[in-house]
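A.B. asks: Order-wise, the sequence lines are chains A and B. With the working numbering as the guide, the letters of the first sequence map in order to residues 1 to 247. With the working numbering as the guide, the letters of the second sequence map in order to residues 1 to 247. For each residue, glycine too, the CB sits at the ideal point set by N, CA and C.
2 protein chains.
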Amino acid sequence: MQRYFVKNIQINNNLVTILDLDHHHITKVMRMQINDRVEVCDEAENLYLCRIVNISKKDVGLEIVDKISSNTELNANITIALGLTRTSKIEEVVKRITELGASSFIPIEMNRSVVRILKDQNLKLDRLKLIVKEAAEQSKRTKLMEVYEPIKFKDLLKQIDNFDYLIYAYEEAGKTNNNQMKNMVKKFKNKNVLILVGPEGGFSLEEVNELNEHGFVAVGLGPRILRLETAPLYIMSIISYELEINL
Amino acid sequence: MQRYFVKNIQINNNLVTILDLDHHHITKVMRMQINDRVEVCDEAENLYLCRIVNISKKDVGLEIVDKISSNTELNANITIALGLTRTSKIEEVVKRITELGASSFIPIEMNRSVVRILKDQNLKLDRLKLIVKEAAEQSKRTKLMEVYEPIKFKDLLKQIDNFDYLIYAYEEAGKTNNNQMKNMVKKFKNKNVLILVGPEGGFSLEEVNELNEHGFVAVGLGPRILRLETAPLYIMSIISYELEINL
């Protein structure tokens, strides 16, 4: 069933008002009619089964029929920090890690980033949020992944007290099989985890030293060199596998 | 270091001749000079360190300096069969699963495929092979993933004797937590494994019945609904995680 995320102010008692892009989606894309059913998710992760009771040119009115219990959220708060790169690659990563259950995404300007904040960065936060919303609706999440404006590497280091685990994906760790990932992933349940994936050129030696000094653990993602678009997906997949797939 | 896959006929004693797109890449993209070094991988997965000894308008001559040992290939033969869909999505999957170590890829026309073989399918095998070659070079593989022309679902069922394990990714299995993936993945070492991911609309009931009759095992990939572009990456990531990342 089609799912839509709404703001709490769109809900009034047992009535929900759908506006703008979602109104367009219901009326023009899905061509739904009165009495058709949709799911609605509010900002507190409540999920409702709703029935269309009114369609006008500006809004769609829904009546809440039932509250649904859902358990599709990953039981770990994973923040993916990604070396700032071209917008198309960031959008691709944002879409996929939303599907895979990440909690937050933040682009980081690093020494070897091919794109610089302000200078040539044209990342639109509104567009990223729309990508997150659509991916969350499609993948049946009940929570929207947070996306943040790009920050500099040194500013990321100031925020690390918010996290229980600090990790960076480092290809040298993958080559030497000096791998801590398996040990760590099992401990992520209900924890706040920050995972940093470097830009195309990788981490500079200076950055590696700073990460190590700040308590980040280097992990490898196997013997092949993964592109920066692939590495976050590998990480989110294995976290889901360890925490969500039971024997 | 830059890596290039070559045909065996390009190697004559300790000399390698580089032509066409790779010639262009070395001379125009990388702007390499005499004495610069590259890696070359032949059809038997031999990897050589080479030195540029000659550059002309048509070819680049390399001298083999050393044989390199490499261990970047996944120790399981994984064939990803994907419900036939739009070419851009197939190209995306082919690129990513090459990085992640898959052995073969084959698109399958299924009941709910939005694209049909012959009618509106414009998949170019040459273009897919080029994507595989570039992704394999970049990810430091020594073997090229095989890509095949699309076939019909019933023709896939005729080929299953070639495989030790038959699996299909089924979202209903993910919802109910009836999950066999963890049990199975550990057994994939040195085995031939066929993994089928359905098209956008999922499997038809008829297809599910046929798969079950032919001995395919349904596996879930967690509680969220993954897009068909994401599911093969999830699968390849967890296979790499189980077989390649040691404690």
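1) Can you tell me which residues form a DSSP beta bridge with residue 104 of chain A?
2) Can you list, in chain order, the stretches of the beta strand (DSSP E) that have 3 or more residues and sit fully within the stretch 179–236 of chain A?
3) Mind checking which residues open and close the alpha helix (DSSP H) that includes residue 98 of chain A?
4) Using the three-state DSSP reduction, which class does residue 129 of chain A fall into: helix, strand or coil?
5) Could you tell me whether the Cβ atoms of residue 226 of chain A and residue 194 of chain A are closer together than 7 angstroms?
6) Counting only the same chain and skipping the five closest in sequence on each side, list residues whose C-beta sits under 6 angstroms from that of residue 37 of chain A.
7) I believe residue 101 of chain B touches residue 96 of chain A by the beta-carbon criterion, under 8 angstroms. Please report the beta-carbon distance rounded to the nearest angstrom.
8) Mind checking residue 1 of chain B: buried by the 16 CB within 10 Å criterion, or exposed?
9) What are the boundary residues of the alpha helix (DSSP H) that includes residue 66 of chain B?
10) Terminal residues of the continuous alpha helix (DSSP H) containing residue 5 of chain B?
11) What first and last residue would you give for the beta strand (DSSP E) that runs through residue 84 of chain B?
12) Answer with yes or no whether the minimum CB distance from residue 237 of chain B to chain A is below 7 angstroms.
13) Could you name the residues of chain A that residue 223 of chain B contacts, counting a contact when the two beta carbons are closer than 7 angstroms?
14) Could you list which residues in chain A have their beta carbon closer than 7 angstroms to that of residue 2 of chain B, in chain order?
15) Once you ignore the five residues that flank residue 11 of chain B on each side, which residues in its own chain have a CB closer than 7 angstroms to its CB?
16) Residue range of the alpha helix (DSSP H) that residue 166 of chain A falls in?
17) What is the residue span of the alpha helix (DSSP H) that residue 21 of chain A lies within?
18) Let me know the secondary structure DSSP gives residue 12 of chain B once reduced to three states.
19) Would you check if the distance between the CB atom of residue 59 of chain B and the CB atom of residue 25 of chain B is smaller than 7 angstroms?
20) Assign residue 202 of chain A to buried or exposed, taking buried as 16 or more other Cβ atoms, counted over all protein chains shown, within 10 Å of its Cβ.
21) By a C-beta neighbour count over all protein chains shown, 10 Å radius and 16 as the cutoff for buried, is residue 205 of chain A buried or exposed?
22) What separation, rounded to the nearest whole angstrom, lies between the Cα atoms of residue 130 of chain A and residue 126 of chain B?
23) Measuring CB atoms only, is the stretch 155–163 of chain A touching the stretch 82–94 of chain A, in the sense that at least three cross pairs come out at less than 8 angstroms?
24) When the distance is taken between beta carbons, is residue 216 of chain B closer than 7 angstroms to residue 168 of chain B?
25) Could you please give me the residues that DSSP links to residue 49 of chain A through a beta bridge?
26) How is the alpha helix (DSSP H) around residue 155 of chain B delimited, first residue to last?
27) Return helix, strand or coil for residue 109 of chain A, following the three-state DSSP convention.
28) Is it buried or exposed, residue 108 of chain B, if we count other Cβ atoms within 10 angstroms and call 16 or more buried?
29) CB residue 3 of chain B to CB residue 45 of chain B, shorter than 7 angstroms?
30) Would residue 76 of chain A and residue 188 of chain A qualify as a contact pair, given that the criterion is a beta-carbon distance under 7 angstroms?
31) Who does residue 17 of chain A pair with in a DSSP beta bridge?
32) Give me, in chain order, the residues of the same chain whose beta-carbon lies closer than 6 angstroms to that of residue 146 of chain A; leave out the 5 immediate sequence neighbours on both sides.
33) Can you check whether the C-beta of residue 233 of chain A is within less than 7 angstroms of a C-beta belonging to chain B?
34) Reducing DSSP to helix, strand and coil, say where residue 238 of chain B ends up.
35) Secondary structure at residue 162 of chain B, three-state DSSP: helix, strand or coil?
C.D. replies: On the basis of the data shown:
1) Listed as beta-bridge partners of residue 104 of chain A by DSSP are A/79, A/146.
2) Entirely contained in the stretch 179–236 of chain A, the beta strand (DSSP E) runs reaching 3 residues are, in chain order, 192–197, 217–219.
3) That run of the alpha helix (DSSP H) goes 87–99.
4) Note: residue 129 of chain A maps to helix in three-state DSSP.
5) The answer is no: Cβ separation not under 7 angstroms.
6) Hits under 6 angstroms: 51.
7) Not really, about 18 angstroms apart at Cβ, beyond 8 angstroms.
8) Exposed is the call here.
9) Segment 60–68 is the beta strand (DSSP E) holding residue 66 of chain B; no alpha helix (DSSP H) there.
10) For residue 5 of chain B, no alpha helix (DSSP H) segment is defined; the enclosing uninterrupted segment is the beta strand (DSSP E) at 3–5.
11) Residue 84 of chain B -> no beta strand (DSSP E), and no H or E assigned at all.
12) Yes, residue 237 of chain B counts as interfacial toward chain A.
13) Under the 7 angstroms cutoff, chain A gives 71, 72, 244.
14) Against residue 2 of chain B, chain A offers no close residue; the least beta-carbon distance is about 12 angstroms (beta-carbon pairs closer than 7 angstroms).
15) Non-local C-beta neighbours of residue 11 of chain B in its own chain, meaning closer than 7 angstroms and more than five positions away in sequence, comprise 42, ordered along the chain.
16) Residue 166 of chain A: not part of any alpha helix (DSSP H); member of the beta strand (DSSP E) spanning 165–169, first to last residue.
17) 20–24 is the span of the alpha helix (DSSP H), which, as asked, contains residue 21 of chain A.
18) Three-state DSSP puts residue 12 of chain B in a strand.
19) The beta carbons of residue 59 of chain B and residue 25 of chain B sit no closer together than 7 angstroms.
20) Its Cβ being crowded by 16 or more others within 10 Å, residue 202 of chain A is buried.
21) It counts as exposed.
22) One C-alpha to the other measures close to 35 angstroms.
23) No, because fewer than three Cβ pairs between the stretch 155–163 of chain A and the stretch 82–94 of chain A fall closer than 8 angstroms, the two stretches do not touch.
24) In this structure, residue 216 of chain B lies closer than 7 angstroms to residue 168 of chain B by Cβ.
25) Partner(s): A/39, A/66.
26) Here the alpha helix (DSSP H) through residue 155 of chain B covers 153–157.
27) The answer is strand: DSSP assigns residue 109 of chain A an E or B state.
28) With 16 or more Cβ atoms within 10 Å of its Cβ, residue 108 of chain B is classed as buried.
29) No, they are not a contact pair.
30) Yes.
31) In DSSP, residue 17 of chain A forms a bridge with A/61.
32) Taken in chain order, the residues that qualify are 104.
33) Output row for residue 233 of chain A: interface = yes.
34) Correct three-state label for residue 238 of chain B: helix.
35) Look at residue 162 of chain B here: in three-state DSSP terms it is helix.
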